[in-house]
Structures are given as structure tokens and as C-alpha cells.
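Protein chains: 4
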Amino acid sequence: MSITPEAEEFIRRGIPLLGDPLLPSPIERVGAEYAPEMTDLKEDDRVILSPLLSEHERRKELNDPPLSYEIAGARKKIFFDPRSTRAAIVTCGGLCPGLNDVVRRLVLTLSYSYGVQEIFGIRYGYQGLVEGSGDLPFMLNPKEIETISNEGGTYLGSSRGNQDPVDMVDFLQRRKIQILFTIGGDGTQRGALAISREAQKRGYVLSVVGIPKTIDNDISLVERTFGFDTAVSLAANVLRGAHVEAEAERNGVMLVKIMGRQSGFLATQASIASGDVNFLLIPEIPFELEGPNGFLQALKARLERRGHALVVVAEGCAETLMSQNSDDWAKDASGNLIYDDVGLFLKTKLGSLMKQVEIPAKIRYIDPSYFVRSLPAVPSDSIFCQQLANYAVHAAMSGRTDLIVATCNGVPCHIPLEAATLGRRRVDPEGPLWRSALETTGQPARMIND
Amino acid sequence: MSITPEAEEFIRRGIPLLGDPLLPSPIERVGAEYAPEMTDLKEDDRVILSPLLSEHERRKELNDPPLSYEIAGARKKIFFDPRSTRAAIVTCGGLCPGLNDVVRRLVLTLSYSYGVQEIFGIRYGYQGLVEGSGDLPFMLNPKEIETISNEGGTYLGSSRGNQDPVDMVDFLQRRKIQILFTIGGDGTQRGALAISREAQKRGYVLSVVGIPKTIDNDISLVERTFGFDTAVSLAANVLRGAHVEAEAERNGVMLVKIMGRQSGFLATQASIASGDVNFLLIPEIPFELEGPNGFLQALKARLERRGHALVVVAEGCAETLMSQNSDDWAKDASGNLIYDDVGLFLKTKLGSLMKQVEIPAKIRYIDPSYFVRSLPAVPSDSIFCQQLANYAVHAAMSGRTDLIVATCNGVPCHIPLEAATLGRRRVDPEGPLWRSALETTGQPARMIND
Amino acid sequence: MSITPEAEEFIRRGIPLLGDPLLPSPIERVGAEYAPEMTDLKEDDRVILSPLLSEHERRKELNDPPLSYEIAGARKKIFFDPRSTRAAIVTCGGLCPGLNDVVRRLVLTLSYSYGVQEIFGIRYGYQGLVEGSGDLPFMLNPKEIETISNEGGTYLGSSRGNQDPVDMVDFLQRRKIQILFTIGGDGTQRGALAISREAQKRGYVLSVVGIPKTIDNDISLVERTFGFDTAVSLAANVLRGAHVEAEAERNGVMLVKIMGRQSGFLATQASIASGDVNFLLIPEIPFELEGPNGFLQALKARLERRGHALVVVAEGCAETLMSQNSDDWAKDASGNLIYDDVGLFLKTKLGSLMKQVEIPAKIRYIDPSYFVRSLPAVPSDSIFCQQLANYAVHAAMSGRTDLIVATCNGVPCHIPLEAATLGRRRVDPEGPLWRSALETTGQPARMIND
Amino acid sequence: MSITPEAEEFIRRGIPLLGDPLLPSPIERVGAEYAPEMTDLKEDDRVILSPLLSEHERRKELNDPPLSYEIAGARKKIFFDPRSTRAAIVTCGGLCPGLNDVVRRLVLTLSYSYGVQEIFGIRYGYQGLVEGSGDLPFMLNPKEIETISNEGGTYLGSSRGNQDPVDMVDFLQRRKIQILFTIGGDGTQRGALAISREAQKRGYVLSVVGIPKTIDNDISLVERTFGFDTAVSLAANVLRGAHVEAEAERNGVMLVKIMGRQSGFLATQASIASGDVNFLLIPEIPFELEGPNGFLQALKARLERRGHALVVVAEGCAETLMSQNSDDWAKDASGNLIYDDVGLFLKTKLGSLMKQVEIPAKIRYIDPSYFVRSLPAVPSDSIFCQQLANYAVHAAMSGRTDLIVATCNGVPCHIPLEAATLGRRRVDPEGPLWRSALETTGQPARMIND
């Protein structure tokens, strides 16, 4: 993962503190519940971004200290007084397995570990942070939310898009909410930053702590996002069935579309997990449909050799294909696109091309769409969600703001909000993940006619 | 289930025997393996079709004996000599969970219980019963097929459509195959009948035994088909996720299409199992989209009341909707339908209608399609598959032909092929299944403007 | 299933009515919600117990009318006024998948279909029907219980054992509860009968309707109990893993204990579903450990032939084994049994016997115990639970009492409580289920030295 | 993870090479299949063990270069000629989910990516590497093993214990096997080292590459072992059911034993994932049963407060408990321990102690034992297995030996065999994992009377 100079600048600036944390943490004081040595954390340690020796030596030569993040975790002193502090939680954007695990653990840790008594659940994303939007926030009670992680979705509701930060800070200020947890993707975290800046402008003490969420696992600097293992698992299950369908017929071709507008992480991991995928098309890897090196010829060769094929296309390949085949997208009488679905397009396109080359292949299409993201989290995700939520609470209670919680080299850490919202991760065409994909599928490394 | 006079006639005729079963069954002779009392079956008992007292009394008044089927199971005497008999197995039509359980158990019972030594697996459905079609049959060996039921799909491959019975009997005769197991839907079983008649015409001794297969559970006279529990389970899981998606947004509307061209059994059972479906549209129940009693008004009322909705539409509703809204189906420049997918149609249609009534509802669509049928069978189906396969082997070895194996009032029985291929079962609009669906969904019983 | 004269007598007496049902059912009146034709049920039809032609002819000769049950379902007229009637629900005995589906649907149907407004949830089984037991009943509200079926267990809590009917009727009478749904096994249903008789004695109008529950599927006259498919599924999954363990080692022997104190239905169905079990020991089938035809010799032969074995033992085999090997059960210094676990006993016993015959077999043991019953119901069970609950509500509202709801030949019906509590179903050593088990395991039909 | 000086010494020595890799890798030459840029790996980069800034600065002050591992991955030059090289694969020790994924990918990568044509599968662990042990190795063919990862267990069989390295090298030498992949825990890897040393002594060119395997995730220096996510998932599922059982009764206490002889990683992660565990006992954390701060008092308090409890005990707590309560373990007449099962012991012990304090608690026990390790790998594990297998093949083909493949800070790397077999990882009582466990369970941090 290469770091831009802009991101490096933000990372070096570090995490702002709303004020000196002067209160002893209740985590230390609980006595029987938590032994003193449990918080014997080297609070001021940091985790270095790149563990590569080459990077270490490059910086050493330049006399440049290594780039690092603050470590996440409970602090001995906290800033907010739990008895009088109000917190709020908001979930934004599309669903992702584990949302309810995060919400649940935020509430339990705020409540049981720190003693925070008023926790607001904001309804339907940032919409619910605007007065008069119709849905009032409700109080989140540890007992009531005990079992919400058994269900997928979000207990709070969600929505897309940002609202005016002025309205949102008005809303928070009116209710004396001083901690806001924002669970969402990079758009959401940019909104979180805007809220924090508006509060600062007013001199309103507000901690904004983000928990990064994306089904595509493509948030910049974030090595792992929650819910991804679950989505891979569900998608791999769909691929298992699709493989069986392809094999059942002579020249059976199954086409499966997997979520991922900008990046192909989900499609790639699910394909590797399945082990049965023969062609994987993702937005990071350019390909052509036609010509001697094009995908069609490769598919034809595969059918002649093995008699069936399973093709996975990531949602975001639409752009690649539309630019190459703009005339072929179905249009209505007025020239408007009837569908912008890369799966349906590819199905039609493949069907007619197969006819040209006289292979009697039956192209069938599965679009699991939302199915890969709406079920409960698998245990590995559930554990990760709980850890992130714990770290988010510790960060907020210590008086930190403008950060997201994440891991770096497996170590929990705080990443400055500004740094994390600068662009996205994409599958590296020269990295080990894509190489594994090529090994698993056996597809040509380049499907381009030069 | 009402029986037509034609079907009654076929049922009364009974199951033909290829000749007198004169050989003692090895099942009796195995000694240590099977104690004598195990086969102490009243072979000549029968099971009455209708267990209703009203039907009993109606027939009693008419002096009409009750309509009944022969009971399935091992017979003391068999017709085919296991040492010299060759059997073949063919799977036809679309996939269905449990196909491999049936194939596996046919092979194990033929081989281990009877000692049949040559069992052919026919490739890709009836296509593989035609000389020169490209795929030769292969021998099925008990060890090799031990674990095939861990996978979905069909180990043998499948195809749709029938071939010329003359060619198929040529193929069987050339290989001296005297028992043919046909696993497939009503089209397949009509093909099976044609094969049997062609063999009879030639005086070629051939037993044809069908195992009814349909993901839609709609074969006439057959109260339960294998794989259906599994399909319901998979579909219900998709609905669980869809419900979560609908609830996550204000005015969230999820539309899910479920397989079922002629009948809505799968959509209905999955909806009842889910418990979260608000509208269920199936081909058996007429409905209108527009007008004061139409589906749209009901959906609008639901959104106003509850703020989200989950709509399930069975594949076969296309006809209902096309006849009413023929102008709205997307056509290309030449006037051809661009898609004939009831889900995509309904999605578009609902979207524009919701706009008219000014409800800002987001219609999102999931089409799990083949996913509900391509995974391995759940245990209850797996057990059922094995029982059907056992009964099929017993029937064939005893010299019976032109039958399918099924259950009637839970009792395994033989149903004459002619009777079973006469039409399909459909969801009874006045029966308890549809009533349960109405109770579960809470949708209006009639969405029609009179 | 053979019917004792005593049971026949109870069945012929039929279901008592608390009084004439004079009120029109709201199900008819809802109008838009339920079209009139939906309740056009032939209310007075009945279902015949045996669908066998032989039984039909036997009775015909004796001039004996067929034995039949009343059909279950909604009636046009009801007895209880929904506006003023209070109902209560109690769950008793061990857990069973689907309990929450039953409770949920009872509440939804009472509330939404009939308009009953006060529904009590009784805590911890019959204990909660005794004043001063510590746990008060709570009101069941349709919204609150919407999602309880996503979890296993019982929302109400449970306990074993019966209480004094005098106390329980006191409790019901004090709260003016006139309908009681008892979800439990035969002990529970005998308790239900005692409650009903006590109420009758006092002239207190009380409808008692049972929903039969048993993980063992062994309630007399009841062809299918809810939760069984789920338990089979969970047990089969454990067997899948056990088979893999057995195969992984040379002479690997895995022993798995499956619930079932009196009957081996669960062990048998799970073994058939698994397809990998080599020996199945259930209480219905006598066997000996030692001697030339004993289980040990058979196991030894299997190991010599195949190198591994999977053995399933039903809990209830303890008796068989203790009577034969009374000296071998581990006892402490005072001569008390240290464990009464047939699995641990068999493990020890097999280990030492294998040593005698010098087979270096490693006996390993899995006891999934409660695991097979505590997870949520699979969809086929969930549907069945909902149907039973609907029928139970219809029966109670119509003024019927002293019955359980069940199916007979797949038709929903009312079975008199007295008849259903007379003994248990057991696996028939000469029936098709045990035959399937023998075919699947390949074990000797008799493991007894005569 | 602290590194001992001994381990540091081995790490600094690096990975031995059998000779100069002079052959061009076929991965580069495949052309259409693998574009040149795909192998543009900085082969000589390394990954630093500790990413903590404090460690970086400590070493900087000491002028000590950072401790690092060689990066894993394909090399441009290889040592073994694929056309003439024979490889062998052996799986040792207890089962672990993903074993078949590793075996499958080893074969596919050796065969398809490098063109190795002779790959031996060794039967039943190191036993199968001894001439005359009874089970001959068989050739592994890519087609035959395509679907083995759909099943749990090991396709090759396994056994415990090491054999004489002299015999094993005899075996390998006789068959001209020059690459050996050893999949197993630290005992297995010590055996691997012995084999390698014996070969070196003879001057026989042999590459030994280990893939670390342990269900307990406790191999020294290895941050993640394959199969662990799956085991956590299966164990969490058992805990879900156990929680439901505990809640169903008044004073219900469920006790669940989870694998883990030396370490409590599995018990801990499963407990965190479940979220329902109230007490977690692992070997790393000392505790006492009795006394005012003992576990019993804490359990009693919990029951009084909440009425039910779920207790998880890791297998390895037996030692803790036996030393404290040596008189209470059940013994037979001769004074031998009848069982050494910590679960059964604790069940009995708790039962009698609860009686003393007059809480009518019912202690029930689930021992899922082997069930948590014998099912197929979840997708996240399956992907990880495939990556490890790829790295292992690349390492061996390049002529490296005496290493295991693993990840360090998420980067694939080679760890010297000597370093990896020096001790085990244990749950850090002061680290974040145990803190999460305390937060999730709410149990007292210390259950010890000082």
C-alpha cells in the first residue's frame, strides 16, 4: 500500500485531543472486575505502517523516522466524565455484515465498562441527525440490544448521502451529545470530518470517532474492514452452486455478478475461496471482449477443452465494458440505457458472440446482489467488530477525535480521518492477491490485444 | 387433490409386470445380513388415495371400491436375475437438490442389496441415450460414487428435451440394458413412457421406473418431491436477507423473484417459512397491479403504515402481468421483448408507479435464480431421496414397469406413469397452504377490482 | 401404527365442545383481508387413520366404520368472544427446535386473525402456573415476539414435571384465563388433561389445547412432531464430522451418542441421512456385545475389511447394555454408579474388548448431547410449527378442548388428549425405516447369539 | 510476542539453500498464461517481526538491525527441475479444517504452475514414511483431488508421533523424492527437521518445507494458523445452543469444554464471538474453585443476579484443577483415575458445591470435542490455506529447505524451522485478547484468594 505525500502529512500530524484527559479511567477502578495490571498498556507506543525492511532502510538513509500510527486501546486517564456524557451512534450507507455487532459492543462497553448512561441511536443514517426529518433518535439500552447481532442489517436503519453539517451539529448540540460514533464508508467519514469541523468552529466540544465500513474492503489505509469475511463466505456459497450448474450441462456457462463498484476485492477473494471460477473480471484489470487475446477467445478455448465455464464479473466492470462497446448497451426508443447492469449486458453480449463462433453454449446468469451483505456476521467478523467497537469507545472517552479505528499490521490503531478519506484501495495487479486469482482460475494473465 | 376420470382409469389399470417374478430375492437369502422377518411385507396391500371420510362415504354409496395404489417395497420373488441384468440411470431437466443422493442410493442398492454388477450412468440426460451424441455412458461403481451426495448438481449431467424413442431403445438394446431409471419431471416421464412403448413394440424386455423430480413440487398425484425442503430452505435464507435490506431504509421495498413457472409452491412455502414477506404473488392467484384494490394500492398502504415491504413474485406471474400490461414490457427497435423477466418488469413498473403516487420508495431487486436448487440436499431430503431410490430398485427388480415411485399419505407406492403425467398440481386458492400464506403475509385476499 | 382398543375407544368418543359455537368467526368478517370463499371448508369432514386397503376391507367385513379424526382448521362459528377472552401459553419439558415458532404464531394468529387482546406467557413450564413460584406470567405482544423464532430455545422458559392441577386451575381462574395452550410431550399432555378435568369439576369453562412436542418423535398416534427435521439435520452434521475423524486414522473408531431415551427415531434418521454410519444401536433392536454374532465381532470384521468405523448409539441403549453387563459399569467405593452414560460405558467397554482381540483400534467418543436441539428450526420445521399453531388457535376459539393438534396422513386433525397420551411410538423392527437403516449401515440384521 | 535469544539467533541465521537456483521459473515462461510483470517481486525484501515503534527505537539505540524474515513468494530462478523432481506430501497429528485445501493447492500449484509430474501422497502421517508399515503412498493427480476440499479431514490420513528419521529418509531416497511438504504442529516440524538433518548427513538433496497446523493456534512465532477461523465458528455455534439451554431453565448452568491442551485461544475467541459466555476458564489464567474470590462464589453471585450461566472451560485446565483438588478426581478401586476429563470433573464438582451453597442449579455439560475440527474450512480459512500452499511450493522449488511458511504482520514469509519449534504461543493475560474476553464475559479478572 503506497502512501501519498498528502496522506503522510496527515498521518504525521497525529490525532487531535479535545483536552487533557484528567479523570481516572473507571476501567482501572472497578477492582474485583478489572485487575490493575490489565491496563498496564504502553499507551504511547505506536505501530509502524510498513513492516518491510526495504522501506525501513530507505527511510534510514533519508534520516526519515518511520511513519507510524498511535496504538488504540484503553487509557489510564480519560477526558469525558462518564456520568454526564451523552454519546450517539449512527450507521450510514449500504448494509454490511456486523453492523449490529459494532452497535451492540459500543453500547455494552460505553455502558458496562465506563458507566455512560445516555446513548442515542440515530435513525436512518445522517438523515436522522437533522431536526424534523421524521425519525427521532431513541435511547440504546444494554439489555434491549443484547441479541441484535443475531440478525443482519442495522438495528438503527441507514441511508446514503450527507446532510448539512450545520443542521447536524445543531441537532447534537441541542441534545448535548458530545461523542458521535460514525459507522460508514469514506463518504460517511468525510461527513464525519465536516461535522467535527463545524463543531470546532462553534467551540462545541465533540468527539467524532469513525468505524470504517465497506463491503468492498477498499477504504484507503485500512487493511481489513469488518463484514468482509462474511461477504466472501456468502459469495463463495453462491459460486459453489453456480459451478454445479455449469458442470451439469454440456457447454454450460454460468455468469455471476459480485458487488464491487470500484474494486474487485470481494469478487477476487470469493473466487479464490471457491476454487471453481474459470474467469474473473474486475475493474482493476483491463480486458477486452473481442480479438484474438480477448476474453471471448479464452472462454471459447476453455469450453472446447473442458465443456463448461464459471465466469465472475465484478459490478464495477461496467465502465470498462461500456467504453469498449458503447453501441451494444440496450437502449430504449429515446436512446436511454434500459439497464446499466454489467451482468445483463455481458450475458446478452456473450450469448450473441457465442452464436457467432458457433458454440452452442447456454449462458445463464446469477446476480446474488444484496444477498452477500444482509446476513449476520460470521464469528471471525463478529470478534473483529467487537474489538473495533471497544477501541472506538476507548478513543472517544480519552478525548480523541477525528480518527477512525482500524488495525495496522494486526495492531489496533488510530488513523487520522483526513488520511483515511483520501482515495481507495484497489486490487494490485502485481500483488499476491491477483497472482493467487490467476493461479486459481488459470485464466490468461492478459486478455488484451496489443 | 381431485382425480380426473382419465387418471382414475389409469390408476385402476394398475402396474404392468414384464413377467412372473420367479427368482427368490437375494434380500431374503443374505442370511446374516438380512433376517427373514425383515421382508415379511404384505406385498399385496394397497394405499387408498383419499383418507377423507367424505370420499369414503361417497364411494360407499356408489358401491365404488376406493381408489388405491400398489404399495412399494422389496418383494420376496424377483423377475430379473441380478447376475446378468444391466441397469442404467439418467437424470433429465433442471437441477434439483438430491439428484446425487438418488443416483448414489440406486447404485448402492442395486449393487449391495441385489448384486447387480453392471450399472450404466447416462451422460447429459436423454441426449446421452442417442448413439453418436458425443458422450458415452460410464459404469457406476459403488466405491466411486460414495461421496457424490456431498455435492449439489448431478454427477451424470443433464439436458432438457426428449429424443426419438427409437434411437433411445436402439441404444439400450445394443448395450443389453434391461432396467432404466429416469429421474426427471413430467416431460421426462412422458419420454420414459415413449421409451417403454417402443421397447414393448419390439418385444424387448425393459423395465422403466421413474423417480419424479421437480423443484416446483407440482407433479400431478405426487404429494412430495425430493429437493423441495432444500429449495425452500435456500429461498427462505435469501428472504431473510431481503427483509433485513427492506427494513434498513425508510420506505425500503425489496422485490425477490422465486422459481416456479407454473406453480407457486416454492414461493409460498419459502414465504411462510420466512415469516417476513408482506406480499406474495403467484400464478395461481390472479391479481391486478392498478386500481383501488390493486397490488399497488395495497403496497402503498403498507408503506404508509410500516415504512418498508418485502414482495415475493413467482417466476410464473409473467403471464398474468404481460396480459394486463402488454405495452409496458421493454421492447427493442424491432419490437422484440428485451427481457421476459417478471422481476425486472415488476421492478421497473413499481418504480414508475410509486413515483406517480409520490412515495419515495426505493425498489430493489434480488433474483436468486439457480441458487435455490444447486446446493446439496438437506438431511430430510437426503433421507427421502434414499427411500425413493430403494423403492425404485425394488420395483424394477420385481419386473414392474411404467411406474413412478412416490408416497401417498406417507406410504410408499407405485403410481402408473400414464396417470402421473396428466397435468400438474397447483396451489389451491381455497386450501390451507394459501390460507397460511395469507395469514403470514397479511396481504389482502383479493387484489382485483371487480 | 397399531391402535389399542383403549385408544380406539377414546378416538371414537371424539372431541368435547365447551358449548355451542354461536359467534361468527372474525376470519369470515374481515372482508378485504379474507375473501369469503377462503373459509369454505367442509368443517365436518374427517380423516381416516389407516389409508391401507387391507384395513379398509377388514373393517368392511366386520361392518365396522373406519376409525377417523375430526379435521382441524378455522370454523365459521366460534365459541369464545375474542374481545373478552384471555389465553395463555406454556412450554414444558426439554428444548426442541421450533418452540419459538409455535409461540410466535399462536400469538400472531390469536391477535391478528381473531383479535384476542390478552395473551399470557407462562414462565418456566407448569412451575409458572403455581402462585408464588417466583416468576409471574407476562403479556405477549405481537410486536415484541416478531423475531423470537430466529433464536432456538423457548422464549417462555421451561421446566420438567407436573404441578398440582388444583393449584394450576386456581392460578388460571384467578386471572380469568379461558384458553390454555400446552406445548410439551406426553407427560405435559397428561398434565393438561388433569388441568382440564379439574376445571370441569369446578364448572370453570376452560379450553385446553395441546401441541405435541418431542425431540424423539415418539408420541403415540402423532406421525410427525415439530423440530425433528432440525434435530436430524444437526445430528447428521455431527456424524459427518465423526466419519471424517474415523477415516483419518488407521483403525479409527468413532462412537457418537444421540438423544433418545425410549426410541431410536432420531439416531436412525440421522444415520440414514449421513450415509456414513456403519453400526447403529437403538433401544428397539436387541443386540449383544460379545459372542460370535455380537456387535464386537461385527465391528472387528468391519475394521479388518475397511480400516475404520462409525458407530452410533442411542441414549436409550443403556438399559440393554446394563442388563447384560451389569458388572462392568464403573462404580465408586460405595458401589454407586459413577456414570450412567451409555456412551462412556460403551467407549470403555469397546476399548478393553478391542485390546483382547488385539486390534489396535482407537475408540474416540463424541456426545453432542443438547447441541441437536437448541438451535433455530430449519424452514420445513418452521412452516410445520406455524401450521400447528394456527390449527391450535382455531380449535380453541371454536370451543373445543382436550385435544392435541397433529396431522394424520398429512391432513391436519384433532386427536383426543386421552388417546394421544397412551404409550409411545417406537421404531418398528420390521418396518421400512429400520430396513433403510440396515441398508445404509450394512450392519448385520441380528447381532444376537441364539 | 517476545522472542527468546535462542529464537533470535535462528532467525538471524536465515533459510538454507540447497544450491544456487539456476533454472528460469516456468511461471515466467508461460507467456500468455502469466505476464512477465506478475513475477516482478522484490525477491530479496524482508518483513520486520515487530512493527512497534518502541521496539524500533530500542534497536536503533543499540545499533541493532531489526529482526526480519525473508519474504515468501515465487522466485525468478528455481533450483529443482520440475520435469524430473518428485515431491511428497504428508499430514500429521490431529485433524484441522483446511488440511485438504492445503493438499489440493500444493498439488495444483506443483502440477499446473511448475509442471511437476510426480507427487506422492503419504498415508497416515509419518507412519506412511516407513517401509513396511502397511500403507503405500499413492500418486496425487490434479483431477482426482479437485474436490477434496469440499470435505473435512485429511485425504491422506494422519497419525500422531514421529518415526525414526533414518527409516524415513531411506523411504524418500528409495523413491527419489526430493521435496517433502510436512503439514503438522510443532512435533511434526521437529520431526521434519530431523528428516532434513538425516538427509544432509547422507548428502541427499532434500527440501523440507513445513506448513504449520494446529487447531489451538499456538505455534511459536506463527501469528495465524489455518483452520482456526473455522474451529472458532463451529465452537461458537455450539456455544449459541448452550446459551439457549442455560436460559431455558431457572438456575440453568451449562458447562462447555473446548479443545486446547496448552492454550486457550480457541476457547477465548469462540467465547468472544458468542458474546453469551459468562465464565471462561483457560490454562493461561490461574483460578481457584473455592474461597471468597473463587469461581464458585462468582458463579453463585451470577445466578442470584441473572438466573442462568454459561461456563466455558478449555481442555487444558485439567492441570490447574487437578493440582488443587487432587482428592476429588474419581478413582476406581485400585486408585486409578477413572477419567481425566476436566469437563466431567468440573461438572461433578460444581454439582456438589452448588448443593452445599443450596442453589438448586442444574449443571449440564456439552463436550463437542472433535466436532470443532472435522468439518470443511470456512472461506477465509480456505483462502489462507491456498496461499500457504502456494508459498510452500515456491519456497521448495527455489531450493530452500528447513523452513515453515507463515505470515508476519500479514506479509507471507519464511520462518526457520528451528526458530518455529521452540515453544508455544499462549494467551497473554495482559494483552488485548484476554481483555476482550473479560469485557465480553464480565467475569472477575482474578478468581484467586490471596
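Residue numbers (the working numbering), protein chains in the order written: chain L, 1 to 450; chain B, 1001 to 1450; chain W, 2001 to 2450; chain A, 3001 to 3450. Glycine included, C-beta positions come from ideal geometry on N, C-alpha and C.
Buried versus exposed call for residue i [16 or more other C-beta atoms within 10 Å across all chains shown]
{"i": "Glu3304(A)", "result": "exposed"}
{"i": "Gln2356(W)", "result": "exposed"}
{"i": "Glu1358(B)", "result": "exposed"}
{"i": "Pro1036(B)", "result": "Legend: pLDDT at Pro1036(B) = 34, less than 50; position of this residue unreliable, value from coordinates given subsequently. It counts as exposed."}
{"i": "Pro3005(A)", "result": "exposed"}
{"i": "Gly210(L)", "result": "buried"}
{"i": "Ala3301(A)", "result": "exposed"}
{"i": "Arg3240(A)", "result": "buried"}
{"i": "Arg1425(B)", "result": "buried"}
{"i": "Ala2437(W)", "result": "buried"}
Enclosing beta strand (DSSP E) for residue i [first to last residue]
{"i": "Cys2317(W)", "result": "No beta strand (DSSP E) contains Cys2317(W), which DSSP labels as neither H nor E."}
{"i": "Leu1403(B)", "result": "Leu1403 to Cys1408"}
Given residue i as reference, the closest of the options once Cα atoms are compared
{"i": "Cys2096(W)", "options": "Leu2110(W), Asp2167(W) and Gly2184(W)", "result": "Gly2184(W)"}
{"i": "Ala2072(W)", "options": "Cys2408(W), Ile2027(W) and Ser2436(W)", "result": "Cys2408(W)"}
{"i": "Gly2423(W)", "options": "Leu2110(W), Asn2217(W) and Val2102(W)", "result": "Asn2217(W)"}
{"i": "Gln173(L)", "options": "Pro283(L), Lys201(L), Tyr155(L) and Gln297(L)", "result": "Lys201(L)"}
{"i": "Ile2177(W)", "options": "Thr2441(W), Glu2006(W) and Pro2082(W)", "result": "Pro2082(W)"}
{"i": "Ala236(L)", "options": "Ala87(L), Asp402(L) and Leu310(L)", "result": "Leu310(L)"}
{"i": "Ile2122(W)", "options": "Tyr2155(W), Thr2147(W) and Lys2143(W)", "result": "Tyr2155(W)"}
{"i": "Gln127(L)", "options": "Leu234(L), Thr182(L) and Val313(L)", "result": "Thr182(L)"}
{"i": "Val1342(B)", "options": "His1056(B), Pro1212(B) and Leu1289(B)", "result": "Leu1289(B)"}
{"i": "Leu2106(W)", "options": "Ala2074(W), Ser2207(W) and Pro2142(W)", "result": "Pro2142(W)"}
{"i": "Ser271(L)", "options": "Gln3324(A), Phe3265(A), Ala3267(A) and Phe3384(A)", "result": "Phe3384(A)"}
{"i": "Val3253(A)", "options": "Arg3364(A), Pro3165(A) and His3414(A)", "result": "Arg3364(A)"}
Distance between beta carbons of residue j and residue i, contact taken as under 8 Å
{"i": "Pro1379(B)", "j": "Val2232(W)", "result": "5 Å"}
{"i": "Ser3369(A)", "j": "Gly3152(A)", "result": "Actually they do not touch by this definition, with Cβ atoms about 14 Å apart."}
{"i": "Val1116(B)", "j": "Ala1389(B)", "result": "At roughly 13 Å, the Cβ-Cβ gap does not stay under 8 Å, so Val1116(B) and Ala1389(B) are not in contact."}
{"i": "Ala3087(A)", "j": "Leu3052(A)", "result": "With 8 Å as the limit, Ala3087(A) and Leu3052(A) do not qualify as a contact, their Cβ atoms being about 39 Å apart."}
{"i": "Gly307(L)", "j": "Tyr3112(A)", "result": "Contact doesn't hold; Cβ gap of about 18 Å is too wide."}
Range of the contiguous alpha helix (DSSP H) that encloses residue i
{"i": "Ser1436(B)", "result": "Pro1432 to Thr1441"}
{"i": "Gln356(L)", "result": "Val342 to Gln356"}
{"i": "Pro2005(W)", "result": "Pro2005 to Arg2013"}
{"i": "Gly1241(B)", "result": "Phe1228 to Ala1248"}
{"i": "Arg197(L)", "result": "Asp186 to Arg202"}
Opposing strand residues paired with residue i [DSSP bridges]
{"i": "Pro3379(A)", "result": "BP columns for Pro3379(A) are empty, so no partner."}
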